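The opening residue of the first sequence carries number 6 in my numbering; numbering runs sequentially from there.
Cβ coordinates follow ideal geometry from the N, Cα and C atoms, glycine included.
Please read all numbers here as calculations on a predicted model, not as lab measurements.
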Amino acid sequence: MKYIRESMGNDLRPVRGTRDILDEEILRFERILDATRRVSALYGFEPLSTPILEFTEVFKRTLGDASDIVTKEMYTFDDRGGESLTLRPEFTAGVARAFISNGLAQRAPIKLYSHGPLFRYERPQKGRYRQFHQINIEILGTAEPGADVEAITVGAHILDTLGILGKTKLEINSLGDSASRDAYRAALVKYFSGFKNDLSAESKIRLEKNPLRILDSKDPSDKKIVADAPALGEHYSEDAKRFFDTVQEGLTASGVAYTVNPRIVRGLDYYCHTAFEFTTDLLGAQNAVLGGGRYDGLIEQMGGPKTPAVGFAAGIERLALLLDEGKNHARPIAIIPIGAAAEKKAYALARSLRDKKIRVELGFGGNAGKRMKRAAKRNTRAAVIFGDDELASKSYKIKQFDTGKEHTVPADMLAEALSDDTGS
RNA sequence: GUGGGCGUAGCUCAAUGGUAGAGCAUUCGGUUGUGGUCCGAAAGGCUGCGGGUUCGAUCCCCGUCGUCCACCCCA
């Protein structure tokens, strides 16, 4: 340690906004991925893994040159061949690209789930890192409101399986179809322009770049102005209204509780109709845990066939922060051989127990006392103790750590005696 | 990118303008066929880094890096 510090200085630190994930946290990650895999399979989702690197153009074209992500948050660099590449800052663009590249339109509608690391150059904060991880769900190739219902439902189901649905609330909104959106945007710009001098500095910029986002401003004086702003609902077309109604009916029929919040908006142009967020008040300012919406225009915008789609992403770090303690560790048993003959036999015993799906800690070296100590530290539930006596009588001594009780079982009953225990 | 709090042992934190201490954790011993408790001991620190003030800085000042919180943006 000392040597390393002297020779390497600060270079041993992980890069700002990145970190090693270990112990309790990585087990939580595993639980989240496990639940996502199991639940999404129930809905017919197939796994998809796309590259972490894409041509920069993939993100520029989908997110828009002016978006914050593109202008100041992407890790973009030229590779040795002079190509401009970018570490993916989000999933949807890469999934859409893969949809086109692989001709998945042939299989539409198709349901895909992905997970993995994403990168954004942002100031790190609670539940927010420069390398972060998401699970991602997309349903591509159907314009039916039922797909929106299913996307939201599978999200709720995953949260429920993780035991954290109750810590969140679901808010939904409709942005209307593109005609409704454009009309609404114009109405908003007109309205807010009348208050230009009273808006916060950020919102003045939003007025130019992204007027919908003013609705979501946290600035107190903005909020007052927003309160009387024209409502999105007034600008829905008949179709848009019917679509939103159908989604709500579907959610109710699916037993998914929600509230309509007109302030839920998406900044990017290709979003339309449904927008939704599962939020929590347990994570400070990073209140969005899972969010998504419909993006009918995206794939066509990328140069693919006209393909309506809906999807969401959920931040694994944020989900992990909400997860309850415990249930992460399955408790193994320890094998404690005493004497040379027993020690030699321990390897085969460990293997045969592991073949029977019993988790085994095979301590290394030391006398019985030392091995017992180590076993206790490994959170084992029981120890299998055997020496010359037990070998002679073809038996094993089992010690239950929780009760401290010991009993001896014949060799051929060992696995059975151990698998009776809970917690494996 | 903007604003604020904080950087002392692996972790959580003390301390004083005179070059640092506790608890937990770690290792060893008390116990070579029995853990968790208990007792004893050891190890672990350029007090983030650089500069300044000072006879002397962990403390005061400046810078820097890191971290945390908020804004921005988002999951």
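Mapping the DSSP letters down to three states, classify residue i as helix, strand or coil.
i           : result
residue 211 : helix
residue 83  : strand
residue 268 : coil
residue 74  : helix
residue 316 : strand
residue 291 : coil
residue 45  : helix
residue 97  : helix
residue 8   : Unreliable placement is indicated for residue 8, whose pLDDT of 38 sits below 50; the coordinate value is still reported in the next sentence. Of the three classes helix, strand and coil, the one that applies to residue 8 here is helix, per DSSP.
residue 183 : helix
residue 154 : helix
residue 131 : coil
residue 163 : helix
residue 247 : helix
residue 257 : helix
residue 105 : helix
Whose C-alpha, out of the options, is nearest the C-alpha of residue i?
i           : options            : result
residue 130 : 357, 349, 302, 23  : 23
residue 93  : 86, 80, 227        : 80
residue 48  : 143, 58, 310       : 143
residue 268 : 287, 400, 250, 222 : 222
residue 43  : 103, 119, 86       : 119
residue 354 : 423, 187, 74       : 423
residue 396 : 351, 356, 163      : 351
residue 151 : 238, 237, 278, 266 : 278
residue 173 : 75, 216, 293       : 293
residue 154 : 177, 86, 388, 416  : 177
residue 179 : 66, 209, 217, 381  : 217
residue 149 : 169, 114, 141      : 114
residue 225 : 205, 374, 257      : 205
Is the CB-CB distance between residue i and residue j below 8 Å?
i           : j           : result
residue 98  : residue 64  : yes
residue 341 : residue 386 : no
residue 126 : residue 135 : yes
residue 157 : residue 248 : no
residue 363 : residue 420 : yes
residue 123 : residue 40  : no
residue 358 : residue 323 : no
residue 276 : residue 175 : no
residue 319 : residue 121 : no
residue 58  : residue 90  : yes
residue 236 : residue 196 : no
residue 146 : residue 251 : no
Look up residue i in the DSSP assignment and give the residues it is bridged to.
i           : result
residue 366 : 339
residue 63  : Partner(s): none; residue 63 has no beta bridge.
residue 200 : In DSSP, residue 200 forms no bridge with anything.
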